[in-house]
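In this note's numbering, the protein residues as written are 21 to 315.
Even for Gly, the Cβ is constructed at its ideal location relative to N, Cα and C.
Quantities reported herein were computed from a predicted structural model and do not represent experimental measurements.
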Ligand SMILES: [Mg+2]
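Written out as structure tokens, the structure is:
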């Protein structure tokens, strides 16, 4: 029975079973990734997206509390990932607690932390001109960086609600003088109760337009975000899974990082949209509530 699942083309499995259950195989979560056969039971480490997977407009998604408790109870290594670079892990942990989710700060991985980890590993001077909030400046300080406006090695741009013309002018001039242009995440808009807000990617595009220089962008869908997260918890790609609600960021980056990928339909991507992408998630669930019994 199991073998017949495993050797079917992936999409056949997803479509037929998702239709019935919202998951490939309700008992095992077994699937064929195209490279090797892995099941949820082989997974030792978990990465998960935050918005649309665990929380939705500050309310917990069904199963999120149970999933986090299961990981803690079974001593699984896990990280909750977000492209948002505004908050420090401590701030984020407190915000999630208000939504009823217990995520210790050491289990949070932001694009700001990923950016700091990436830059810490680059050769050369550890100096940067930073446009961003505490999430980014704290991460860079902790990675040994000095913030300066005088001949910095990098201009690092992250999410902020207070972009100043003066700071952007400075950034543009420093990049023109040779500073390396780094951006925490590519998102061009972010959600707010009153409608979309311009986000890091949109402001970075303005700097690109003014300098004719493309930035290096660390956050999802760059698999760099996952690689640094996996280094942090000493995870290996063969035994790590990524849960996300977006095919175009979470799933593609998880796939490129060699992970088992689980798409949940509780966020952005709908079941009908899966077919429009040239790649597939390893597993599909209605929400993380369907994943909990498999762990
Ligand atoms: Mg999401």
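| query | result |
| --- | --- |
| Best match in 95, 124, 301, 131 for proximity to residue 101 [C-alpha to C-alpha] | 131 |
| Contact test: residue 239 Cβ vs ligand 1 heavy atom, cutoff 6 angstroms | no |
| Three-way DSSP call (helix, strand, coil) for residue 165 in this model | coil |
| Three-state secondary structure (DSSP) of residue 294 | helix |
| Cβ separation of residue 148 and residue 174, assumed to be a contact under 8 angstroms, to the nearest whole Å | 4 angstroms |
| Three-way DSSP call (helix, strand, coil) for residue 289 in this model | coil |
| Ligand 2 site residues, beta-carbon cut 7 angstroms against heavy atoms | You won't find ligand 2 in this model; what it holds is ligand 1. |
| Buried or exposed by the 16-neighbour rule on C-beta atoms within 10 Å, applied to residue 302 | buried |
| Reference residue 193; option with closest CA among 139, 103, 105, 230 | 230 |
| The stretch 142-162 touching the stretch 251-269, judged by at least three CB pairs closer than 8 angstroms | no |
| Endpoints, the beta strand (DSSP E) within which residue 260 is located | 260-264 |
| Three-way DSSP call (helix, strand, coil) for residue 130 in this model | strand |
| Supposed close pair residue 154, residue 248 - CB separation, criterion 8 angstroms | Residue 154 to residue 248, Cβ: 20 angstroms. No contact. |
| Reference residue 224, options 250, 178, 240, 245, closest by Cα | 178 |
| Coil, strand or helix - residue 239 by DSSP | coil |
| Residues bridged to residue 175 (per DSSP) | 149, 201 |
| Cβ pair residue 282, residue 243 closer than 7 angstroms | no |
| Nearest-angstrom Cβ-Cβ length linking residue 274 and residue 297, presumed shorter than 8 angstroms | That belief does not hold up - the Cβ atoms of residue 274 and residue 297 are roughly 13 angstroms apart, past 8 angstroms. |
| Exposure label - residue 46; buried when at least 16 CB within 10 Å | For residue 46, the predicted structure reports a pLDDT of 43, less than 50, and the residue's modelled location is therefore unreliable. The matter cannot be settled from this model. |
| Separation of residue 98 from residue 143, as counted between CA atoms | 29 angstroms |
| Under 7 angstroms between C-beta atoms of residue 204 and residue 238 | yes |
| Straight-line gap, residue 80 to residue 228 (C-alpha atoms, nearest Å) | 37 angstroms |
| C-beta contact flag for residue 269 and residue 240 at 7 angstroms | yes |
| Range covered by the alpha helix (DSSP H) that runs through residue 97 | Not the alpha helix (DSSP H): residue 97 falls in the beta strand (DSSP E), residues 97-102. |
| Exposure label - residue 289; buried when at least 16 CB within 10 Å | buried |
| Top-ranked residue by Cα proximity to residue 217, from 180, 185, 190, 171 | 180 |
| Continuous beta strand (DSSP E) stretch holding residue 282: start and end | 280-284 |
| Buried versus exposed call for residue 158 [16 or more other C-beta atoms within 10 Å across all chains shown] | buried |
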